[in-house]
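Numbering (our numbering), first residue to last: 691 to 1245.
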């Protein structure tokens, strides 16, 4: 018995027609949509400040207007976290839409994640719930299930538990569903999108992924026939490493052991996942706190031609009086200029100024006025990429943990009944997993100084203020070299900004992979916009571009 679960959204703003594409492209039992991220919760929180009836992903409602009839005709259940901060509001809106379209669907929702009242200084504080509230809704006959903040994988564990009759103690089965859910959650990232070896296939318009999930928790990751992109062991490995860390992938339903995952190509665009083991979940739930951190402004000065360093020093000195009151001032000179450049753009460097302060006036008029006044009185060739504004609010993210019993997890069924969802009956504190033995190193031989990316893929991402960089080898010999060469010291050498920070290396031999977690590199999270690449999406590609002495036998 197979449950076919697809994905039609990896974030709020993903491809609008993906829902129709998934519903018409092949067989499905359940279609999921992931609309939430740390930054999205902040955006929805600001929406709710303006309108208490807001707080959910309106895009989903517009997609459903086009596709609800299709889903009903094909008997496809829809499960989404698009409810955001207001799942009851979105469920009501879906019911109103269904009534207007004359489509008889049963709509349920899940609530209990909102802990904002317990964290009064937060714009939004939401616990990451598991999948058993979703399962309760589906078992009662819901056609559409709307949630707020659940784990991304819960969109798969919930339907799987409902379909197969799994219990909360079926840890291995639930862990398999968590792994499947993690592969699906970011949409086209599993089908060639954002993939290190993107030239292996046609990724101009990758299709969205689906999982053929089995009763034992194993699955096959694939996509609808005829859609773009490709699914192979590499695309699935990359997504398994995305925004994870070590061997234990902890969640509210189960702790999945990523070091037990086995991948195998099962035909064209088919990757089999099996062997996943699970353990009891930890005794606490993660709670994401989104707060307004203050106000932020930015000016990018363009420096062209000769004397770049001296021009930068001049404008910094001229701006200094206006910046004295600001709580946080950051200057960054990006040397994009080239000598004897064939165009003005390639002859130019960028001097980036970012200012933060609790007072909007400090980063607004005081900054923009000082920058504009330099237009005729600074370095030769003075101009900026865009005029500075009045300053905009920015957010900070923090995670805390509460006992399972601190949330009132409730499934609100389509007929209005409220069914409490009990916490996990068994929990276990996460113990440190011993590092597995490394493979035998390659024998000595000639080397060539070359980019790491010639022999290894990478994918990176953010979790609060931390970033992870997953690096994997495509052959056994490349893994034998990578496991010994890319130590934490070598990582710090290749990524200089990580040197003052804590870097932890996790070894995952079954995936021929290393996963590095760099703590604090993103400041207070993506909304803080602490660095040039605030979500560390390209950190892995930077690492792949760095040169090492690589055995010629691998090149």
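Where a beta carbon is used, it is the ideal one built from N, C-alpha and C, also for glycine. None of these values were measured; they are calculated from a predicted model.
Could you give the C-beta distance for residue 932 and residue 1149, rounded to a whole number, given that I count them as a contact under 8 Å? Taking the first residue of the chain shown as 1, we reach residue 932 at position 242. Taking the first residue of the chain shown as 1, we reach residue 1149 at position 459. Indeed, because the Cβ distance is near 5 Å, the residues count as touching under 8 Å.
For residue 876, name the three-state secondary structure that DSSP assigns. Indexing the chain shown from 1 puts residue 876 at position 186. Correct three-state label for residue 876: coil.
Just to confirm, is the Cβ distance from residue 847 to residue 871 under 8 Å? Indexing the chain shown from 1 puts residue 847 at position 157. Indexing the chain shown from 1 puts residue 871 at position 181. Yes.
Could you give the distance in angstroms between the alpha-carbon of residue 1009 and the alpha-carbon of residue 1060?
Here residue 1009 refers to the residue found at position 319 when the chain shown is read from its first residue. Here residue 1060 refers to the residue found at position 370 when the chain shown is read from its first residue. Using only the alpha carbons, I get a separation of about 7 Å.
Beta-carbon proximity of residue 1158 to residue 875, cut-off 8 Å | By 1-based counting over the chain shown, the position of residue 1158 is 468. By 1-based counting over the chain shown, the position of residue 875 is 185. In this structure, residue 875 does not lie closer than 8 Å to residue 1158 by Cβ.
Please return the same chain residues whose Cβ sits closer than 7 Å to the Cβ of residue 1068, not counting the five positions on each side in sequence.
The residue given as residue 1068 occupies position 378 in the chain shown. Only 1004, 1005 and 1008 meet the Cβ criterion.
* Asked: What are the boundary residues of the alpha helix (DSSP H) that residue 1225 is part of?
  -> Start at 1 with the first residue of the chain shown, and residue 1225 comes out as number 535. Neither: residue 1225 is in no alpha helix (DSSP H) and is coded neither H nor E.
Rounded Cβ spacing between residue 1126 and residue 1199 (contact assumed at less than 8 Å): As a first step, residue 1126 is located in the chain shown; it is residue number 436 there, counting from the start. As a first step, residue 1199 is located in the chain shown; it is residue number 509 there, counting from the start. Going by Cβ atoms, the distance from residue 1126 to residue 1199 rounds to 5 Å, so yes, they are a contact pair.
Legend entry - Bridge-paired residues (DSSP) for residue 909: Position 219 of the chain shown holds residue 909. Residue 909 pairs with 903 and 963.
Along the alpha helix (DSSP H) that carries residue 981, what are the first and last residues, could you check?
-> For this step, residue 981 is matched to residue 291 along the chain shown. No alpha helix (DSSP H) contains residue 981, which is instead part of the beta strand (DSSP E) from 974-994.
Could you tell me which residues DSSP pairs with residue 1082 in its beta bridges? For the purposes of this step, residue 1082 is identified with residue 392 of the chain shown, where counting begins at 1. Partner(s): 986.
Exercise. Could you work out which residue in 1087, 891 and 1072 is closest to residue 1224 when comparing CA atoms only?
Key: Taking the chain shown and counting its residues from 1, the one referred to as residue 1224 is at position 534. Residue 1224 has its Cα closest to that of 1087, out of 1087, 891 and 1072.
Is the CB-CB distance between residue 769 and residue 845 below 8 Å? By one-based count along the chain shown, residue 769 stands at place 79. By one-based count along the chain shown, residue 845 stands at place 155. Yes, the pair counts as a contact, with Cβ atoms nearer than the cut-off.
Taking the straight line between their C-alpha atoms, what separation do you get for residue 760 and residue 714? Counted from its first residue, the chain shown places residue 760 at position 70. Counted from its first residue, the chain shown places residue 714 at position 24. Those two C-alpha atoms are separated by around 8 Å.
- Segment limits, alpha helix (DSSP H) that includes residue 828: Start at 1 with the first residue of the chain shown, and residue 828 comes out as number 138. 822-829 is the extent of the alpha helix (DSSP H) around residue 828.
* Asked: In the structure shown, what three-state DSSP assignment does residue 694 receive?
  -> Reading the chain shown from its first residue, position 4 is the one you call residue 694. Residue 694: strand per DSSP, three-state reduction.
Note down the Cα distance separating residue 1041 from residue 1073, rounded to an integer number of angstroms.
-> Mapped onto the chain shown, residue 1041 falls at position 351. Mapped onto the chain shown, residue 1073 falls at position 383. Computed Cα separation, rounded: 11 Å.
*asked:* Measuring only the C-alpha atoms, how far is residue 1082 from residue 1001?
replied: As a first step, residue 1082 must be located in the chain shown, where it is residue number 392. As a first step, residue 1001 must be located in the chain shown, where it is residue number 311. Whole-angstrom Cα-Cα distance: 28 Å.
*In terms of alpha-carbon separation, which member of 699, 1213 and 1108 lies closest to residue 800?*
Your numbering for residue 800 matches position 110 in the chain shown. Considering only alpha carbons, the answer is 1108.
Take the Cβ of residue 996 as the centre, count every other Cβ of all protein chains shown within 10 Å, and call the residue buried at 16 or more, exposed below. Within the chain shown, numbered from 1, the residue matching residue 996 stands at position 306. Exposed.
- residue 1089 and residue 979 look like a contact to me (Cβ under 8 Å); what is the Cβ gap, rounded to whole Å? For the purposes of this step, residue 1089 is identified with residue 399 of the chain shown, where counting begins at 1. For the purposes of this step, residue 979 is identified with residue 289 of the chain shown, where counting begins at 1. That pair is a contact at about 7 Å.
Which full runs of the alpha helix (DSSP H) of 4+ residues lie inside the segment 1002-1085, going along the chain?
1050-1053 and 1055-1062
Review point. If we call anything under 8 Å between Cβ atoms a contact, is residue 924 one with residue 868?
Key: Residue numbering aside, residue 924 sits at position 234 when the chain shown is read from its first letter. Residue numbering aside, residue 868 sits at position 178 when the chain shown is read from its first letter. Result no, Cβ atoms of residue 924 and residue 868 do not sit closer than 8 Å.
Note to self: Let me check understanding here. Comparing Cα to Cα, which of 1063, 918, 1235 and 1207 lies closest to residue 886?
What the structure shows: As a working note, residue 886 is residue 196 in the chain shown. For the residues 1063, 918, 1235 and 1207, the minimum Cα distance to residue 886 belongs to 1235.
*Among residues of its own chain, excluding the 5 on either side of residue 1202, which ones have a beta-carbon nearer than 6 Å to its beta-carbon?*
For the purposes of this step, residue 1202 is identified with residue 512 of the chain shown, where counting begins at 1. Contacts found: 1162, 1163 and 1169.
**Request:** Could you check if residue 1128 is buried or exposed, using at least 16 other CB atoms within 10 Å of its CB as the buried criterion?
**Result:** Counting from one through the chain shown, the residue named residue 1128 turns up at place 438. With fewer than 16 other Cβ atoms within 10 Å, it is exposed.
inquiry  = Do residue 1204 and residue 1173 have their beta-carbon atoms positioned less than 8 Å apart in this structure?
reply    = As a first step, residue 1173 must be located in the chain shown, where it is residue number 483. As a first step, residue 1204 must be located in the chain shown, where it is residue number 514. Yes, the Cβ-Cβ distance between residue 1173 and residue 1204 is below 8 Å.
Excluding the 5 residues flanking residue 1232 on each side, which residues of the same chain have their C-beta closer than 8 Å to its C-beta?
Indexing the chain shown from 1 puts residue 1232 at position 542. Same-chain partners within the cutoff: 1185.
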